[in-house]
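Here the structure is laid out as structure tokens; the discussion comes afterwards.
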Amino acid sequence: MEKRSRKENCLRTLELALAIAVACTLLWGALSLGRQEALADRMVRLHVLANSDSEEDQALKLQVRDSIIGYAEDILRSSHDREDAANRLEQALPELESLAADTIAQNGYDYAVTAELTDTTFPTREYEDFTLPAGDYLALRVVIGAGEGHNWWCVVFPPLCAQSTEDLSQTAMAAGLSDDDVGLITEEDQGYVLKFKSIELWERLKTLLGK
Numbered sequence: 014m015e016k017r018s019r020k021e022n023c024l025r026t027l028e029l030a031l032a033i034a035v036a037c038t039l040l041w042g043a044l045s046l047g048r049q050e051a052l053a054d055r056m057v058r059l060h061v062l063a064n065s066d067s068e069e070d071q072a073l074k075l076q077v078r079d080s081i082i083g084y085a086e087d088i089l090r091s092s093h094d095r096e097d098a099a100n101r102l103e104q105a106l107p108e109l110e111s112l113a114a115d116t117i118a119q120n121g122y123d124y125a126v127t128a129e130l131t132d133t134t135f136p137t138r139e140y141e142d143f144t145l146p147a148g149d150y151l152a153l154r155v156v157i158g159a160g161e162g163h164n165w166w167c168v169v170f171p172p173l174c175a176q177s178t179e180d181l182s183q184t185a186m187a188a189g190l191s192d193d194d195v196g197l198i199t200e201e202d203q204g205y206v207l208k209f210k211s212i213e214l215w216e217r218l219k220t221l222l223g224k
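With the working numbering as the guide, the letters of the sequence shown map in order to residues 14 to 224.
Below is the structure:
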């Protein structure tokens with residue numbers, strides 16, 4: 014009886030420790046999710062989907078990407094926040110779609126193409142000079158043909174992917190990001206790995222729960 018009691022107490026202790034660990038992880042994830050949502054409220058991502066994974070279609074995707082980025086930068090140059098950037102992009106969707114179609118035709122293809130602004134779920138993504146946590150972001154989504162190939166992600170507002178390392182912080186802060194936001198995405202915040210992992214765990218939990 015004494016051995017059974019000790020075993021039961023040990024199991025209860027382990028269960029309690031596990032429950033506390035899960036609770037702490039979820040709390041950390043919820044708090045980190047708030048940081049991700051604050052970032053998302055200040056950004057518009059760019060999502061370009063290739064027709065297929067063939068070498069030709071992937072090269073075409075990059076051509077379309079370059080055309081879209083160049084045009085978007087021009088119309089967003091004086092945007093002071095995400096709402097203004099989103100409005101400008103929404104109004105320019107026909108021109109962006111036409112530009113993408115022209116780029117496709119100039120490269121000898123006849124794929125259909127669509128451009129839209131839509132909420133999109135992204136995984137954690139590491140770029141050369143910064144990292145963005147997983148979560149939902151407003152995105153300029155450009156689909157080439159069947160849209161079944163590897164896609165390309167970056168940030169169209171603020172134009173972080175077009176900036177040098179030296180200009181990235183200034184560009185981000187001019188669009189409304191805080192010092193803490195910049196520190197988080199540029200990995201100056203030493204806890205960023207755990208925060209981003211906790212966000213991914215939280216997102217998976219939401220998916221499992223059907224939220």
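Glycine included, C-beta positions come from ideal geometry on N, C-alpha and C.
CA-to-CA distance, D180 to A105, given in whole angstroms = Stepping through the sequence shown from its first residue, residue 105 is reached at position 92. Stepping through the sequence shown from its first residue, residue 180 is reached at position 167. Between A105 and D180, the C-alpha separation is close to 27 angstroms.
First through last residue of the beta strand (DSSP E) which encompasses D149 | Here residue 149 refers to the residue found at position 136 of the sequence shown. G148 to I157 is the extent of the beta strand (DSSP E) around D149.
Which listed residue (T144, N164 and L52) has its alpha carbon closest to that of S65 = Here residue 65 refers to the residue found at position 52 of the sequence shown. Answer by Cα proximity: N164.
Same chain only: Cβ atoms within 7 angstroms of Q71, ignoring 5 sequence neighbours per side = Taking the sequence shown and counting its residues from 1, the one referred to as residue 71 is at position 58. Hits under 7 angstroms: A63, G162 and H163.
Between the stretch 110-126 and the stretch 69-84, are three or more C-beta pairs nearer than 8 angstroms?
-> The stretch 110-126 makes contact with the stretch 69-84; the number of CB pairs closer than 8 angstroms reaches 3 or more.
Under 8 angstroms between the Cβ atoms of Y84 and L109?
-> Numbered from its first residue, the sequence shown carries residue 84 at position 71. Numbered from its first residue, the sequence shown carries residue 109 at position 96. Against a cut-off of 8 angstroms, the Cβ pair of L109 and Y84 comes out as a contact.
Reduced DSSP category for D132 - H, G, I as helix; E, B as strand; rest coil = Within the sequence shown, numbered from 1, the residue matching residue 132 stands at position 119. Reduced to three states, the DSSP call for D132 is strand.
What runs of the alpha helix (DSSP H), each 4 residues or longer, lie entirely inside the stretch 93-130?
-> 95-119
Using 10 angstroms around the beta-carbon of A152, count the other beta-carbons present and answer buried if the total reaches 16, otherwise exposed.
-> Residue 152 sits at position 139 when you count from the first residue of the sequence shown. Flag for A152 reads buried.
Would you decide whether Q203 is buried or exposed? Buried here means 16 or more other CB atoms lie within 10 Å of its CB.
-> By 1-based counting over the sequence shown, the position of residue 203 is 190. Low per-residue confidence applies at Q203: pLDDT is 44, beneath 50, and the placement is therefore not dependable enough to give any value.
Any idea what DSSP makes of E141, helix, strand or coil?
-> Against the sequence shown, residue 141 aligns to sequence position 128. If DSSP states are grouped into helix, strand and coil, E141 belongs with coil.
Is DSSP giving R78 helix, strand or coil here?
-> One-based indexing of the sequence shown puts residue 78 at position 65. R78 falls in the helix class under three-state DSSP.
Cα-Cα separation, R138 to Y122 = On the sequence shown, position 125 is the one that residue 138 refers to. On the sequence shown, position 109 is the one that residue 122 refers to. Separation of R138 and Y122 (C-alpha to C-alpha, rounded to the nearest whole angstrom) is 30 angstroms.
Report, in whole angstroms, the separation of the C-beta atoms of A53 and G148, which I expect to be a contact under 8 angstroms.
-> Along the sequence shown, read from residue 1 onward, the residue named residue 53 stands at position 40. Along the sequence shown, read from residue 1 onward, the residue named residue 148 stands at position 135. A53 to G148, Cβ: 6 angstroms. Contact.
Give the DSSP-derived three-state secondary structure of R48 in the structure shown.
-> As a first step, residue 48 is located in the sequence shown; it is residue number 35 there, counting from the start. R48 falls in the helix class under three-state DSSP.
Should D94 and G189 be called a contact, given that it needs their Cβ atoms to be closer than 8 angstroms?
-> Looking up residue 94 in the sequence shown gives position 81. Looking up residue 189 in the sequence shown gives position 176. In this structure, G189 lies closer than 8 angstroms to D94 by Cβ.
Just how far apart, CA to CA, sit D194 and Y140?
-> Sequence index remark: in the sequence shown, residue 194 carries index 181 (1-based). Sequence index remark: in the sequence shown, residue 140 carries index 127 (1-based). Taking the straight line from one Cα to the other gives about 16 angstroms.
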